[in-house]
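These notes concern the structure reproduced below.
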Amino acid sequence: AVCNFNPTPCKDPTDKLFTVHGLWPSNSNGNDPKYCNAQQYQTMKILEPQLVIIWPNVLNRNDHEGFWRKQWEKHGSCASSPIQNQKHYFDTVIKMYTTKKQNISEILSKANIKPGRKNRTLVDIENAIRNVINNMTPQFKCQKNTRTS
1 AVCNFNPTPC
11 KDPTDKLFTV
21 HGLWPSNSNG
31 NDPKYCNAQQ
41 YQTMKILEPQ
51 LVIIWPNVLN
61 RNDHEGFWRK
71 QWEKHGSCAS
81 SPIQNQKHYF
91 DTVIKMYTTK
101 KQNISEILSK
111 ANIKPGRKNR
121 TLVDIENAIR
131 NVINNMTPQF
141 KCQKNTRTS
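Numbering (the working numbering), first residue to last: 1 to 149.
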């Protein structure tokens, strides 16, 4: 989705995985909080091998660290209730991606839905996810451009 809606060409992951774009806290009123506290970003070298695979900067493969810094400062800094600190924030992303019920790449791949330019219906994607998460309805946030959504 990011690649389709951005004027900067993407550098697709070589193994064609669905990747994480962000972990954002939200309020019950629907507004997403941003830039909540001034916790200084710390380089994530110990987690980098995993983060590069599951949460790459697809727009600039030479600046994953800058992308992660932006995600932490804009979104992670607002997740202070369940998230204890920056390392916990990134560990949470890794855990969500690697656990069976939240690994979207694995879930969709098993339903023969793989990254590419082929259009998929929302119902197909929703059903693939529902089958794995106890028939709960996943929430989607759609992006629209002049051609499609």
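Cβ atoms here follow ideal geometry from the backbone N, Cα and C, with glycine treated the same way. What you are looking at is a predicted structure, and each value in this text was computed from that prediction instead of being measured.
Contact check, L108 vs I125 under 8 angstroms by CB: the rounded distance?
-> For the purposes of this step, residue 108 is identified with residue 108 of the sequence shown, where counting begins at 1. For the purposes of this step, residue 125 is identified with residue 125 of the sequence shown, where counting begins at 1. Right, the Cβ-Cβ distance comes to about 7 angstroms (below 8 angstroms), so this counts as a contact.
Give the single residue among T99, S80, P7 and S105 whose Cα lies nearest to the Cα of H21.
-> For this step, residue 21 is matched to residue 21 along the sequence shown. Ranking the options by Cα distance to H21, first place goes to S105.
Measuring CA to CA, which of R61, I133 and P49 is closest to T8?
-> What you label residue 8 is simply residue 8 of the sequence shown in a count that begins at 1. When only C-alpha atoms are compared, the closest one is R61.
Cβ pair V47, F90 closer than 7 angstroms = What you label residue 47 is simply residue 47 of the sequence shown in a count that begins at 1. What you label residue 90 is simply residue 90 of the sequence shown in a count that begins at 1. The identity of residue 47 in the sequence shown is Leu, whereas the question assumes Val. Their beta carbons are under 7 angstroms apart, which means L47 touches F90 by this criterion.
Could you give the uninterrupted runs of the alpha helix (DSSP H) lying entirely in the stretch 18-92, keeping only those of 4 residues or more?
-> 48-54 and 64-74
Work out the CA separation of G116 and A128 for me, nearest whole Å.
-> What you label residue 128 is simply residue 128 of the sequence shown in a count that begins at 1. What you label residue 116 is simply residue 116 of the sequence shown in a count that begins at 1. A128 and G116: Cα-Cα distance of roughly 17 angstroms.
Taking only the alpha-carbon atoms, compute the straight-line gap between Y41 and N131 and give it to the nearest angstrom.
-> For the purposes of this step, residue 41 is taken as the residue at position 41 of the sequence shown. For the purposes of this step, residue 131 is taken as the residue at position 131 of the sequence shown. Approximately 38 angstroms between the Cα atoms of the pair.
Helix, strand or coil at R120 according to DSSP, with G and I counted as helix = Counted from its first residue, the sequence shown places residue 120 at position 120. In this structure, R120 counts as coil in the three-state DSSP scheme.
Output the boundary residues of the alpha helix (DSSP H) element that contains K110.
-> Here residue 110 refers to the residue found at position 110 when the sequence shown is read from its first residue. Element bounds for K110: I104 to K110.
What separation, rounded to the nearest whole angstrom, lies between the Cα atoms of L122 and K45?
-> Reading the sequence shown from its first residue, position 122 is the one you call residue 122. Reading the sequence shown from its first residue, position 45 is the one you call residue 45. Rounded to whole angstroms, L122 to K45 spans 37 angstroms at the Cα level.
Kindly list the residues whose CB is nearer than 6 angstroms to the CB of N57, restricted to its own chain and excluding five residues on each side of it in sequence; keep chain order.
-> Here residue 57 refers to the residue found at position 57 of the sequence shown. If we look at N57 and ignore the five residues flanking it on each side, its Cβ neighbours are D63, H64 and F67.
Nearest neighbour of Q39, chosen from L59, Q86 and L51 [CA to CA] = Reading the sequence shown from its first residue, position 39 is the one you call residue 39. The residue with the shortest Cα to Cα distance from Q39 is Q86.
Can you give the Cα-Cα distance for F140 and S26, rounded to whole angstroms?
-> Residue numbering aside, residue 140 sits at position 140 when the sequence shown is read from its first letter. Residue numbering aside, residue 26 sits at position 26 when the sequence shown is read from its first letter. The alpha-carbon atoms of F140 and S26 are separated by roughly 14 angstroms.
Quick one: using the 10 Å Cβ neighbour count with 16 as the cut-off for buried, is Q84 buried or exposed?
-> Locating residue 84 in the sequence shown gives position 84, counting from the first residue. Exposed: under 16 other Cβ atoms inside 10 Å.
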